[in-house]
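At the far end of the sequence shown sits residue 273, using this note's numbering, and the numbering has no gaps.
Where a beta carbon is used, it is the ideal one built from N, C-alpha and C, also for glycine.
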Amino acid sequence: MKHKIKSPAPALEKGLKILTRLSANRPQNLESLSKDLGEPKASVLRYLDTLMLLDLIGRDPVSKEYCSKIAIVRMDSAGRDLSGKIQKLLDSLAGKTCRTAEWYVPNGGRMVLMQRSEPEDAMIHVKAKIGFERMLDDQFEAVARIAISNLGAGVSGRNYWVYKGGERKSISEEACRRILRSDRENGFAIDVEYNDNGVRRYAVPVFNQGKFAGVIALAENFRPDADSQIPRISKILKEEIKRII
Numbered sequence: 029m030k031h032k033i034k035s036p037a038p039a040l041e042k043g044l045k046i047l048t049r050l051s052a053n054r055p056q057n058l059e060s061l062s063k064d065l066g067e068p069k070a071s072v073l074r075y076l077d078t079l080m081l082l083d084l085i086g087r088d089p090v091s092k093e094y095c096s097k098i099a100i101v102r103m104d105s106a107g108r109d110l111s112g113k114i115q116k117l118l119d120s121l122a123g124k125t126c127r128t129a130e131w132y133v134p135n136g137g138r139m140v141l142m143q144r145s146e147p148e149d150a151m152i153h154v155k156a157k158i159g160f161e162r163m164l165d166d167q168f169e170a171v172a173r174i175a176i177s178n179l180g181a182g183v184s185g186r187n188y189w190v191y192k193g194g195e196r197k198s199i200s201e202e203a204c205r206r207i208l209r210s211d212r213e214n215g216f217a218i219d220v221e222y223n224d225n226g227v228r229r230y231a232v233p234v235f236n237q238g239k240f241a242g243v244i245a246l247a248e249n250f251r252p253d254a255d256s257q258i259p260r261i262s263k264i265l266k267e268e269i270k271r272i273i
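Shown next as structure tokens:
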């Protein structure tokens, strides 16, 4: 008869189980977590309070549900090797373009920001931090569009929107398909307009061993010459990405 190996740090193990569950699923309340984990509510509450103190999870005061503030993505040896190459690429892109370079990986129905690099002389920093999530059924922005195209996710029945004139505007399925076709023809995607933080992104796909691995994005703040720089920035992005494809 096999015996379960006893954890040397049971409290840490249970806390990580809760964090992993909240990262992978929708928000849950105390009762639901207690039932799923087979642990007393008093014990689960202590773990939740600790995770909140570390700012790893949050709690909605109305629904009393807990949600993760970070994303947990498992990485194998091939993924670790790719991660090293990605960081070098991000640093190179940030230096050559004076834009923030970002690396997003798919995790469920979302893209998670895993790595980033800021240009050394950046006067304004982009707000998105490690763990930031971009949904694939919400804003029709550059990172989501590249993911939708390469994950085989359709646009039918989705209520997509884009920023236009500083406001959120709904976009039709036909317009979505037209934009995706244009992205494929151009070899990159770019946001329709700047978002409410004054940021616009370029995005290209990355493949590892023939499979879609994630998205490299360049985030730029508004500047007077930004539109005239699109050909130069997109060319650098497409050329640099060839180093790891």
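Residue 165 vs residue 136 beta-carbon contact at 8 angstroms: no
Identity of the residue in 121, 130, 194 nearest residue 242 by Cα: 130
Reduced DSSP secondary structure (H/G/I, E/B, other) of residue 29: A caution first: residue 29 carries a pLDDT of 48, below 50, which makes its placement in the model unreliable, though a value can still be read off. Reduced to three states, the DSSP call for residue 29 is coil.
Pick from 132, 71, 123 that is closest to residue 235, judged by C-alpha positions: 132
Length of the line joining the Cα atoms of residue 123 and residue 158: 19 angstroms
Cut-off 7 angstroms between Cβ atoms - residues of its own chain near residue 98, not counting five sequence neighbours on either side: 51, 84, 159
Close beta carbons around residue 57, own chain, < 6 angstroms, minus the five adjacent residues each side: 92, 93
Terminal residues of the alpha helix (DSSP H) in which residue 75 lies: 69-81
Assigned exposure category for residue 163 - 16 Cβ within 10 Å defines buried: exposed
Endpoints, alpha helix (DSSP H) assigned at residue 91: Taken as a continuous stretch (DSSP letters only), residue 91 belongs to no alpha helix (DSSP H), as it is neither H nor E.
For residue 223, the nearest candidate out of 75, 168, 109, 72 (CA to CA): 168
Other residues of its chain near residue 125: CB distance less than 7 angstroms, five sequence neighbours each side excluded: 246, 261, 264
Contact check, residue 208 vs residue 244, beta carbons under 8 angstroms: no
Three-state secondary structure assigned by DSSP to residue 257: helix
Close-in-space but distant-in-sequence residues of the same chain around residue 274 (CB under 8 angstroms, 5 per side omitted): Examination of residue 274 is not possible in this model, given that the chain is present from 29 through 273 alone.
Nearest residue (CA-CA) to residue 204, options 44, 180, 213, 188: 188
Endpoints, alpha helix (DSSP H) assigned at residue 184: It is not in any alpha helix (DSSP H) - residue 184 carries neither H nor E in the DSSP assignment.
6 angstroms CB neighbourhood of residue 259 in its chain, flanking five on each side removed: none
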